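For the record, the sequence lines run as chains A and B.
With the working numbering as the guide, the letters of the first sequence map in order to residues 649 to 1154.
With the working numbering as the guide, the letters of the second sequence map in order to residues 12 to 375.
What follows is a single structure, written as structure tokens, with notes after it.
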Amino acid sequence: MADPATDIVVMESIDKSFPGVHALQKVNFALARGEIHALVGENGAGKSTLIKILTGAERPDSGTIALDGAQVTIRSPLHAQSLGISTVYQEVNLCPNLTVAENLLIGRQPTKRGHVDWSAVNARAREILRGLDIEIDVTRPLGSYSIAIQQMAAIARALVISSAKVLVLDEPTSSLTVHETQQLFRVMRKLKGEGISIVFITHFLDQVYEVSDRVTVLRNGALVGTYETVGLPRLTLITLMLGRSLTELDDITRHKAESSQHIGTDSLLEADGIGLVGSMAPFDLVLHAGEVVGLAGLLGSGRTEMAQLLFGIDKPTTGSLTMDGKPVRKFSPIGSIERGVALCPEDRKADGIVADLTVRENIIMAMQASRGWFRHLSTGEQYRIADTYIKLLKIATPSADQPIRNLSGGNQQKVILARWLATKPRLLILDEPTRGIDVGTKADIQKLVLSLAEEGMSCVFISSELEEVLRTSHRIVVLRDRAKVTEFPGDVDDQAIMRVIAESEA
Amino acid sequence: MKTLRPSINLGRVVESRLFVPVLALSVILLFDLVFVRGFFNLEMKDGHLYGSLIDILRNSAPTVVLAIGMTLVIATGGVDLSVGAIMAIAGSVACILIDPRIVGLNLQGNITAVVGDPTYSFAPIPVVILLSLLAAVACGLWNGLLVSFGRIQPMVATLILMIAGRGIAQLITNSIKIIIFNDSFAYIGNGFIVLPFSLFIVVALFVGAWLLTRRTAIGLFVESVGISFRASLYSGINEKMIKLFAYAFCGFCAGVAGLISVSSIRTSDANQIGLYTELDAILAVVIGGTLLGTGGRFSLLGSVIGGLVIQATQTSMYAIGVAASAITAVKAVMVISVILLYSQQVQDLVRKGAGRLGRKQAAA
């Protein structure tokens, strides 16, 4: 099975448990020389754990790892690097305020008579990047470049400092544009041509098919199998990942058609020319009870800014907001909660979860905030509420007392959803509720949104995936360059929306 | 071969939040049991209990009181360096209210006639206590305003009062040390109801603080703000008010500690009251398991035990004849040990060690 001639890394019977979770169960994984190997699976499938073990961030409970045919114990990420295994994470771990060249060569600058030879540093950096077909000014700060360039700089650094044989890319494309993704893929293919093996983790199935040679599927901590990408039908791949077939998407479409009959006629929330200088151009928007309004647009088009204005994180500099016909005066999260408005923020890690608190505490937080400091929810009530939503949203957690940081991304998102549902909102704003979440949970959340709408809740749905916005929304607002451009009814086709989004770029 | 299997729950014991403080206290008491003769002796004299243990409890009162307030501040991710100075301010306010004549504010009476009068007080004692505590709370509010609304680094914000506070305390008493003859006020720090009266204050404050944080939502909000103030903000928690509350409460505790200290030595000495106690208070909280710098989960009981650990160490060192000047070295060793015990790496090592031990025994 393991053949050192073709396989550079062979991981066998890797087993790992965390408190309450059996994260990996006797997983085998082999990485061939000079291949791009995609690693896919739902959240909590064990991808991250497997990668952490490969890169030395975690130690397996049992199992063996062979590198170049020799057994190794990978002690730390640094040790992994010295063995030739380098990782580039989703969040770029470089210094944005240093120049590109400094970032690439920090710690191994060429010196001349005891001091750093800066022209040599810059020349060397330029040469390295040229090797990846990237021509940029290496003397500018890294932070002035796009995330894609930063990521490629991180890859370049990984190659420089460790002469990597194995490169692990952990969801590198999740915040890249289509164009940037292509740029990254070119680099990946080039490296593959030079004999470097790449492990590529992604949630985007298109990308799996586009760039990878083989794909390994994990599910619930167990290995499903490793397949040649070319011969694997997409539907089969999804079925392997989910362990069930996806007729659910059809259900959602049907569900949406049904729920559209329940949309109220009176406006729930009315935005009249509200805007925030430097953040969002003034816009009008009317939301009705029972209606799902999707916000479509590119990253940075103003979707999040619009959501925050509606929620009242920032006080608008122009215009007015009316809820139930009454003007809104209290622009603060607590004011919004009192009005019955909820916001699941885009950045789950920074603005959503409180990592060290338990699932229960995370769920009751907003509700408790609305009750104030002294009308304390008793522990019994807290458990009752938490357990209700754990069951309702099928949150996978050993107990309500588990710290939320131990949950997978999708389950954390469900907890944040539960936090807001517990406040019984009449308007729920979901900013990228499905980012970094597996296909199954995505479908769950979309269905949930539609059932809530059917019960009379109004919903603003923001997603980078146009397909998803289309599937769930009764009405779609298109944004571009921090301004509202137009509105479409929910049955518009994606081509029309994309044309509007693209107009300014033409 | 029959083996005991103590390692089963070792991991859980190590992870318990009170593990380090209880361990530290046990180590010190064990040390005393072995090296200090008669350390655990208790004696009943005139209806009062005497003994080294009682001394520790009594002498630790100011530190423990400070640590209770400091716990909330540290849990919000901050720190309060000014508690020592606030103690001095509260003490000065109390003294000037008990005996303002000496400073020249109210010199109608014949000074020599009343000096030494154990019943004399310019303001009634309850008013003295109330106004001193109010002054301390005002100091705490000042810190809180700088940190929450001013968005100033807690260390810098409270440094201002740490430095200026003793000057303010000096101003209040016109730089004169006021000796207190009033016996009712002296009772706070010197009284006995079998046990020292200050102990009852500590217990009342602890119970009050526990109820205030754990029987309301304040505890949860404090932890939540400490862990992620942005997520707290988005959830509708008024993080500014929470921080303001934490610093104000810390100021209140410093006021209580100041009253105990001044009362027990019967003198206002703005340069000495509460000197360096902020460091003991912070150390007590850290020993108690609340993370300095990052904040988040806090344990009031842990901080109380932490305060006892510090005092017990000090008393034990004196008991075996260590010079007062060398005590700081002992404290340094304690700080290093505690920090090591809390470090993730050491905990991982212990856990691994426990696991290995467990496997070995299972095999045996």
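Every residue, glycine too, gets a C-beta built ideally from N, C-alpha and C.
As the structure is a computational prediction, the values presented were derived from the model and not from experiment.
- Message: Using a Cβ-Cβ cutoff of 9 Å, what residues of the stretch 165-179 of chain B are near chain A? List them in chain order.
- Response: Cβ contacts with chain A come from no residue of the stretch 165-179 of chain B.
- Item | Extent of the continuous beta strand (DSSP E) run through residue 1134/A | Taken as a continuous stretch (DSSP letters only), the beta strand (DSSP E) holding residue 1134/A covers 1131-1137.
- Query: Are the C-beta of residue 1104/A and some C-beta of chain B separated by less than 8 Å?
  - Reply: Chain B, which has no Cβ nearer than 8 Å to the Cβ of residue 1104/A, makes this no.
- Message: Tell me which residue opens and which closes the alpha helix (DSSP H) that residue 767/A is part of.
- Response: Going by DSSP, residue 767/A is part of the alpha helix (DSSP H) stretching over 766-779.
- Which ranges does the alpha helix (DSSP H) cover as unbroken runs of at least 4 residues, wholly within the stretch 1041-1129 of chain A, from first to last along the chain? The qualifying runs are 1057-1069, 1087-1102 and 1114-1120.
- Cross-strand partners of residue 923/A (DSSP beta bridge): Answer is 966/A, bridged to residue 923/A.
- Who are the Cβ neighbours of residue 804/A in its own chain at under 7 Å, not counting the five residues just before and after it? Result list for residue 804/A: 752, 776, 777 and 780, in chain order.
- Buried/exposed call for residue 998/A, threshold 16 Cβ in 10 Å: Residue 998/A comes out exposed.
- Query: chain B partners of residue 723/A, CB-CB under 8 Å?
  - Reply: Listed along chain B, no residue sits closer than 8 Å to residue 723/A by beta-carbon distance, the nearest being about 12 Å off.
- Item | Every unbroken alpha helix (DSSP H) within the stretch 312-367 of chain B, with a cutoff of 4 residues, ordered by chain | DSSP runs (the alpha helix (DSSP H)) wholly in the stretch 312-367 of chain B: 338-353.
- Message: Give me, in chain order, the residues of the same chain whose beta-carbon lies closer than 6 Å to that of residue 659/A; leave out the 5 immediate sequence neighbours on both sides.
- Response: Closer than 6 Å at the Cβ level, and outside the excluded window around residue 659/A, lie 677 and 713.
- Item | Within chain A, the residues that residue 245/B reaches when beta carbons sit closer than 8 Å | 961, 981, 991, 993, 999 and 1000, listed in chain order.
- Leaving out five residues on either side along the sequence, give the residues of the same chain with a beta carbon under 6 Å from the beta carbon of residue 1139/A. For residue 1139/A, there are no CB contacts under 6 Å within the same chain when 5 residues up- and downstream are skipped.
- Message: When you compare the CB of residue 1021/A with every CB in chain B, is at least one pair closer than 8 Å?
- Response: So, interface residue.
- Query: Under a three-way DSSP split, which group does residue 123/B fall into?
  - Reply: For residue 123/B, the pLDDT reaches just 47, beneath the cut-off of 50, and the residue's location in the model is therefore unreliable, although a value from the coordinates is still provided. Note: residue 123/B maps to helix in three-state DSSP.
- Query: Of the residues 349/B, 236/B, 257/B and 317/B, which one's Cα is nearest the Cα of residue 223/B?
  - Reply: Nearest of 349/B, 236/B, 257/B and 317/B to residue 223/B, Cα basis: 257/B.
- Query: What first and last residue would you give for the alpha helix (DSSP H) that runs through residue 676/A?
  - Reply: DSSP places residue 676/A outside any alpha helix (DSSP H); the residue lies instead in the beta strand (DSSP E), whose first and last residues are 669-680.
- Using a Cβ cut-off of 7 Å, which residues of the stretch 1007-1018 of chain A contact any Cβ in chain B, in chain order? Cβ contacts with chain B come from 1009, 1013, 1014, 1016, 1017 and 1018.
- Message: On the criterion of 16 or more Cβ atoms from any shown chain inside 10 Å, does residue 743/A qualify as buried, or is it exposed?
- Response: Classification of residue 743/A: exposed, given that the 10 Å Cβ count is below 16.
- Query: residue 924/A versus chain B: which residues are under 7 Å apart at the beta carbon?
  - Reply: Simply none; closest approach about 17 Å.
- Quick one: is residue 985/A near chain B, going by C-beta distance under 8 Å? For residue 985/A, the answer is yes, since a Cβ of chain B falls inside 8 Å of its Cβ.
- Is it true that the CB of residue 736/A sits closer than 8 Å to the CB of residue 806/A? In contact: residue 806/A and residue 736/A (Cβ atoms closer than 8 Å).
- Backbone secondary structure at residue 1024/A - three-state DSSP: Residue 1024/A: coil per DSSP, three-state reduction.
- Along chain B, in chain order, which residues have C-beta atoms closer than 8 Å to that of residue 1067/A? Listed along chain B, the residues sitting closer than 8 Å to residue 1067/A by beta-carbon distance are 246.
- Task: Indicate whether at least one CB of chain B lies closer than 8 Å to the CB of residue 663/A.
- Result: Chain B has no Cβ within less than 8 Å of the Cβ of residue 663/A.
- Task: Determine, using beta carbons only, whether residue 352/B comes closer than 8 Å to chain A.
- Result: Not a single CB atom of chain A sits nearer than 8 Å to the CB of residue 352/B.
- Run down chain B in chain order and give the residues with a C-beta less than 8 Å from the C-beta of residue 593/A. This structure cannot settle anything about residue 593/A, because the visible part of chain A is limited to 649 through 1154.
- Item | Start-end ranges of the alpha helix (DSSP H) lying completely within the stretch 24-48 of chain B, minimum 4 residues | Within the stretch 24-48 of chain B, the complete alpha helix (DSSP H) runs of at least 4 residues are 30-46.
- Distance between residue 152/B and residue 254/B (C-alpha atoms, nearest Å): It is roughly 10 Å from the alpha-carbon of residue 254/B to the alpha-carbon of residue 152/B.
- Task: May I ask you to report which of helix, strand or coil DSSP gives residue 662/A?
- Result: Taken through DSSP and simplified to helix, strand or coil, residue 662/A comes out as strand.
- Between the beta-carbon of residue 189/B and the beta-carbon of residue 128/B, is there less than 8 Å? Taking C-beta atoms as the reference points, residue 189/B and residue 128/B fail to come closer than 8 Å.
- Task: From the DSSP output, in three-state form, read off residue 1011/A for me.
- Result: Under the three-state reduction of DSSP, residue 1011/A is assigned to helix.
- Query: Hey, quick one: how far does the alpha helix (DSSP H) through residue 73/B stretch, first residue to last?
  - Reply: Note, residue 73/B: alpha helix (DSSP H), 72-86.
- Exposure of residue 906/A, with buried meaning 16 or more beta-carbon neighbours within 10 Å: By the neighbour-count criterion, in which 16 or more other beta carbons inside 10 Å mark a residue as buried, residue 906/A falls on the exposed side.
- Query: Taking DSSP as the reference, what is the three-state secondary structure of residue 735/A?
  - Reply: If DSSP states are grouped into helix, strand and coil, residue 735/A belongs with the strands.
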